[in-house]
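Heads up, the thing below is written out as structure tokens.
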Amino acid sequence: MNILAIETSTPEASLCLLKNGEICYSTNWHAQRNHDAFLFPALQEALECLGDSTPELILVGAGPGSYGGVRVALAAAVGISTVKESHVVSICSWLGLAPEGCGIISDAKRGGWTLLRPHGDIEVLTTEQLQSELDNGLQIATIESAELMQQKGISVQHSSLKPTAQNLITAWLSLPSEQQLLLKNRPAEPIYVRPPHITEAKRKPWEI
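Listed below in structure tokens is the structure:
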């Protein structure tokens, strides 16, 4: 199977192509709010590597992380799938990053922490709630730096984990077929750790 993977949930983004069981293209870049400036040239090079072949599956890292970055990747994936008739699947960007039995956290801002529990549930905890979980024996890793965690006074087993496109492919291939089928049947969308903030237009569309 040919698998194209896109990971843009953090500023350290990447793209990877698995062709006939081998990694034939891989690249990464650093971006804040302009992932599209790097993503589309990388996509063109990856598709050129495929030649006349088709990416049967396009994996997109759904976060937690940059909502804008994930949206750019999903939009690009859906565009390619329309032309190539590929299947688009969004999966957690942190899948398979930490050792078994270890949760993963990141700074959710506003005094909160995003926690991916070892069994897969994602929630936002306050610092006090997180510390209570740690006191009760929860082991955690983080995508944040060791320096930040020291500043916050939180002890972690592993720090500076990096979501990557290649890791998405590895994590996907390690999933049981039943779980793969479940993910394929879900809408490809970003992971929301908090409800999306939707503002109401001051004027109705027909009034503009």
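Each residue of the sequence shown is one higher than the one before, counting from 341 in the working numbering. From the three backbone atoms N, C-alpha and C, an ideal C-beta is built for every residue, glycine too.
Go ahead and label residue i buried or exposed: buried means 16 or more other beta carbons lie within 10 angstroms of its beta carbon, across all protein chains shown.
i	result
GLU529	exposed
ALA486	exposed
SER406	buried
ALA377	exposed
ALA511	buried
SER349	buried
THR482	buried
HIS370	exposed
LEU379	buried
THR470	Rather than Thr, the amino acid found at residue 470 in this sequence is Leu. It is buried - the Cβ of LEU470 has at least 16 other Cβ atoms within 10 Å.
ALA415	exposed
LEU456	buried
Who does residue i pair with in a DSSP beta bridge?
i	result
THR482	ILE445
VAL400	ILE346 and SER430
SER354	GLU347 and ASN368
Identify which residue in the options has its Cα closest to the Cα of residue i.
i	options	result
GLY477	SER495, ILE462, GLN519 and ASP461	SER495
LEU549	LEU465, GLU396, ALA377 and ASP392	Any question about residue 549 goes unanswered here, given that the chain covers just 341 to 548.
GLY361	ASN342, HIS370, PRO404 and ARG373	ASN342
ALA417	GLN384, THR466 and LEU435	GLN384
ILE445	PRO381, VAL429 and SER500	SER500
GLN519	GLN479, THR454 and SER430	SER430
GLY436	LEU515, ARG526, ILE462 and THR466	LEU515
Mapping DSSP to helix, strand and coil, what is residue i?
i	result
LEU515	coil
VAL464	strand
VAL423	helix
ASN368	strand
VAL428	strand
GLY452	strand
ILE494	coil
GLU473	helix
LYS359	strand
THR504	coil
VAL533	coil
ASP376	helix
MET489	helix
PRO381	helix
GLU388	helix
ALA417	helix
VAL521	According to the sequence as given, residue 521 is Leu; it is not Val. In the structure shown, LEU521 sits in a helix (DSSP, three-state: H, G or I).
GLY408	helix
THR394	coil
Apart from the five residues on each side of it in sequence, which residues of its chain come closer than 7 Å, Cβ to Cβ, to residue i?
i	result
GLU347	ALA353, SER354, GLY401, SER433, PRO503, THR504, ALA505 and LEU508
PRO458	GLY441, CYS442 and GLY443
LYS315	What the structure shows of the chain is the stretch from 341 to 548, and residue 315 is not part of that stretch, so it cannot be assessed.
GLU484	SER446, ASP447 and SER499
PRO351	HIS370, ALA371 and GLN372
Going by beta carbon distance, what residues of the same chain come within less than 6 Å of residue i, once the five residues before and after it are set aside?
i	result
TYR532	none
THR454	PRO404, SER446, ALA448, VAL464 and VAL533
LYS359	ASN342
TRP546	Because the pLDDT at TRP546 is just 49, under 50, the model does not fix this residue reliably, and the point stays unresolved.
With a CB to CB cut of under 8 Å and the five nearest residues on each side skipped, what residues in its chain are close to residue i?
i	result
LEU357	ASN342, ILE343, LEU344, ALA345, ILE363, CYS364, TYR365, SER366, ALA386, CYS389, LEU390 and PRO395
ILE538	In this prediction, ILE538 has a pLDDT of 49, which is less than 50 and means its spatial position is unreliable; what the coordinates show is noted afterwards. Taken in chain order, the list of residues that qualify is empty.
ARG373	GLY408
HIS427	GLU396, LEU397, ILE398, SER421 and LYS524
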